[in-house]
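What follows is a set of notes on a single structure, which appears directly below.
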């Protein structure tokens, strides 16, 4: 690499890193009301000096020359910086490819196998397969660790690249080598990709009852509209509704605004949904608005360790407003509200700019929302959902499927309806 190109690369990297720093400083000024710390600008050259020493030594002496990838090194440096903040699985940097993949999922349609994945210390983990997806039909389970894609080891690959390898045109096949939870040996699973249309809200009447099962799988851009349409359909088709079993299990979250709209359907106007606390300890309170369509129904909410972010906001709000009983397992414990920043190369920084607190001002970051009734469940156990309820003729068939959390939730809902 020439001195000129080396200098241009360094300058580009400095600009990118400074852009992240400047955006953070700007955000601190607009959200918290504080300017950046005066000493920061003076300290920055010293802090970067060691970084450039390492960069130069790698360029000069590292033996495997083909492994030196300036872009991956740049992105890796940014990701390493963010990792020191301790906002694991929330504050994050996404390459342009990753950002596009995330956005397509939130927009509700993509081609692939139909599963949510995350990068963990153990490897790339399946958060949950989408019900009715090729992944679920092929035997992919929540908690699976992906070891290889089409026979190639994916250890050390960036998340966007793993997702790109798994996704692909409808009709093509991908082979995942996965380790199931509690299994000793991995298995190869062939999956035929197809177009995945994600409905964030699905519902069904529970057979032989007047209870409604309602699932929110994520808080996408139109989830509030989907929920309102679902509630209108429920009221039009069922003259007697004795209660709602709301399923938030494996809901990874999404847009805060949609969580506010969802909660407003279940809570009386003026109820606290959450508080935001910024770096200066200032609080901003969000309350329910309007005339929600489901304010009067008895409710039970199903949660588990896959319930995160906006899903936790909803669970916490319904719990602490004494609107619903929670059944299942403690949620993931994300506790920051993210602000997205699109950077100059199309990459995206999602930065935790405030902590969110429950209506009673409990910080759930690292703690999670705890259920009233704890029900542990094997990840390999299929979960009841709207499609399975529609296919079942009797409640006995549903209970026999072995979804202990659903079964307990239904029992609790019966108790609630009799109060």
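Numbering (UniProt numbering), first residue to last: 1 to 419.
Quick reminder that beta carbons are idealized off the backbone N, C-alpha and C, glycines included.
Quantities reported herein were computed from a predicted structural model and do not represent experimental measurements.
Residue 271 is classed as buried because its beta carbon has at least 16 other beta carbons within 10 Å across all chains shown. Pairwise C-beta distances place the stretch 97 to 105 in contact with the stretch 159 to 166, as three or more of them are shorter than 8 Å.
Beta-bridge partners of residue 203 (DSSP): 214.
Residue 327 and residue 303 have their C-alpha atoms spaced approximately 6 Å apart. Look at residue 188 here: in three-state DSSP terms it is strand. Each residue's CA atom was taken as its position, placing residue 309 and residue 175 some 31 Å apart. With a cutoff of 9 Å on beta-carbon distance, residue 133 and residue 122 are scored as not near each other. Taking a C-beta distance under 9 Å as the contact criterion, residue 383 and residue 180 do not qualify as a contact pair.
Taking each of 316, 294, 88 and 119 in turn and checking the Cα distance to residue 273, the smallest one comes out for 316. Per DSSP, reduced to three states, the secondary structure at residue 164 is helical.
Going by DSSP, residue 388 is part of the alpha helix (DSSP H) stretching over 386 to 391. By the criterion of a C-beta distance shorter than 7 Å, residue 321 is surrounded in its chain by 267, 271 and 359, once the five residues flanking it on both sides are discounted.
Below 8 Å, enough C-beta pairs join the stretch 242 to 253 and the stretch 399 to 414 to call them touching: three or more. From the listed residues 185, 146, 156 and 184, the smallest Cα separation to residue 166 is found for 146. Taking C-alpha positions only, residue 221 is separated from residue 201 by approximately 12 Å.
Residue pairing for residue 299: DSSP places it in a beta bridge opposite 244. Assignment of residue 158 by DSSP, reduced to helix, strand and coil, places it in the coil class. Assignment of beta-bridge partners to residue 61 by DSSP yields no partner.
Its chain contains no residue whose beta carbon lies nearer than 6 Å to that of residue 88 once the 5 sequence neighbours on both sides are disregarded. Following the DSSP letters along the chain, one finds residue 116 inside the beta strand (DSSP E) bounded by residues 115 to 120. Put simply, of 255, 390 and 263 the residue whose alpha carbon is nearest the alpha carbon of residue 338 is 255. 207 is the residue among 207, 230, 419 and 264 whose C-alpha sits nearest the C-alpha of residue 399. Annotated as proximal: residue 263 and residue 318, with beta-carbon spacing under 9 Å.
Around the C-beta of residue 351, 16 or more other C-beta atoms lie within 10 Å, and the residue is accordingly described as buried.
Counting other Cβ atoms within 10 Å of its Cβ, residue 188 stays below 16 and is therefore classed as exposed. Looking at the DSSP output, residue 129 sits in a beta bridge with 115. Contact annotation, residue 192 with residue 173: C-beta distance approximately 5 Å; criterion of less than 8 Å satisfied. The continuous alpha helix (DSSP H) containing residue 72 extends over residues 70 to 83. DSSP places residue 376 in no beta strand (DSSP E); its state is neither H nor E. The beta carbon of residue 150 is closer than 8 Å to those of 165, 174 and 175 in its chain, skipping five residues each way along the sequence.
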